[in-house]
Amino acid sequence: MTTKKIMVGKIPIGAGSPVAIQSMTNTKTRDVEATTAQIEALVEAGCELVRVSVPDDASVEALPALIKSATVPLIADIHFRADLAIKSIEAGVAKIRINPGNIGAREKVAAVVLAAKKAGVPIRIGVNSGSLSKTIRALDVPPAQKLVASALENISLLEELDFDNIVVSVKSSDVMETIEA
């Protein structure tokens, strides 16, 4: 399968690029001191990309300081709120992670896509077994196929919005299901 090269800051993903090691902090992102320390520890352990949770405005407000001190690209992990995705992009993150299905109406996803397009920021579509829409959950197919269907549905939405700077992550708590997907 041929993939497209996506740049996350200076780190390439896809198209034969070496695997980039990524992890995520588990601190409260708004706690700049603790999150900075954890980012540094992850980098020391070999991470090339670090994802931080952005669940609220205080976390967005912490991003500029975190980005300034980080030696690797930072990714904002967003759930439910398009405004936080847009503000994170404006703050300078190198990538955002969303599940378009939980961002809300198409107009909200379109606003996130527009901001990402203007900034040249890739969007990671994160699909997991807990984020499947009711329609996809109701499909009479194996769980791995439901994950794939959700990913394809979300990819199609972004492509309809003329956006192809996309990274896809499909996972399940069942390892074999993840591999199959």
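Mapping of the sequence shown onto the numbering used here: residues 1 to 181, in sequence order. Here a beta-carbon is modelled for each residue, glycine too, at the ideal position from N, C-alpha and C.
Apart from the five residues on each side of it in sequence, which residues of its chain come closer than 7 Å, Cβ to Cβ, to Leu49? Val8, Ile11, Ala20, Gln22, Val72, Pro73 and Ile75, listed in sequence order.
Contact between the region 132-141 and the region 104-119 is defined here as three or more beta-carbon pairs at a separation below 8 Å; is this criterion met? A contact between stretches requires three or more CB pairs, one per stretch, nearer than 8 Å, and the region 132-141 fails this requirement with the region 104-119.
Output the boundary residues of the beta strand (DSSP E) element that contains Leu74. Leu74 to Asp77 is the extent of the beta strand (DSSP E) around Leu74.
Could you give the C-beta distance for Lys171 and Asn128, rounded to a whole number, given that I count them as a contact under 8 Å? At roughly 5 Å, the Cβ-Cβ gap stays under 8 Å, so Lys171 and Asn128 are in contact.
Assign Pro100 to one of two classes, buried (16 or more other C-beta atoms within 10 Å of its C-beta) or exposed (fewer than that). Residue burial annotation: Pro100 is buried, with at least 16 other C-beta atoms found within 10 angstroms of its C-beta.
With DSSP as the reference, please indicate the residues paired to Ile98 in a beta bridge. Bridge partners of Ile98: Ile125.
If you measure between the beta carbons of Thr36 and Thr29, is that distance less than 8 Å? No; because the gap between Cβ atoms is not below 8 Å, this pair is not in contact.
I need the straight-line Cα distance from Ala151 to Ile125, nearest angstrom please. For Ala151 and Ile125, the distance between alpha carbons rounds to 7 Å.
Using CA atoms only, rank isn't needed, just tell me which of Val32, Ser173, Ala105 and Phe80 is closest to Arg97. The shortest Cα separation from Arg97 among Val32, Ser173, Ala105 and Phe80 belongs to Phe80.
Helix, strand or coil at Ile166 according to DSSP, with G and I counted as helix: Ile166 falls in the strand class under three-state DSSP.
Is there a Cβ of chain B sitting closer than 8 Å to that of Met7, yes or no? Absent from the structure: chain B. Only one protein chain is present.
If you count every other CB in all the chains shown that lies within 10 Å of the CB of Lys87, and 16 or more means buried, which is it? Buried is the label assigned to Lys87, since at least 16 other Cβ atoms lie within 10 Å of its Cβ.
May I ask which residues mark the beginning and end of the beta strand (DSSP E) holding Pro12? From DSSP, the beta strand (DSSP E) with Pro12 extends over Ile11 to Ile13.
Going by DSSP, name the residue or residues bridged to Gln22. Paired residue(s): Leu49.
May I have the straight-line CA-CA distance separating Val93 from Leu63, to the nearest angstrom? Cα to Cα, Val93 sits roughly 8 Å from Leu63.
With a threshold of 16 other CB atoms inside 10 Å of the CB of Ala70, please say whether the residue is buried or exposed. It counts as buried.
Just verifying my parser: in three-state terms, what is the DSSP assignment at Val60? Reduced to three states, the DSSP call for Val60 is helix.
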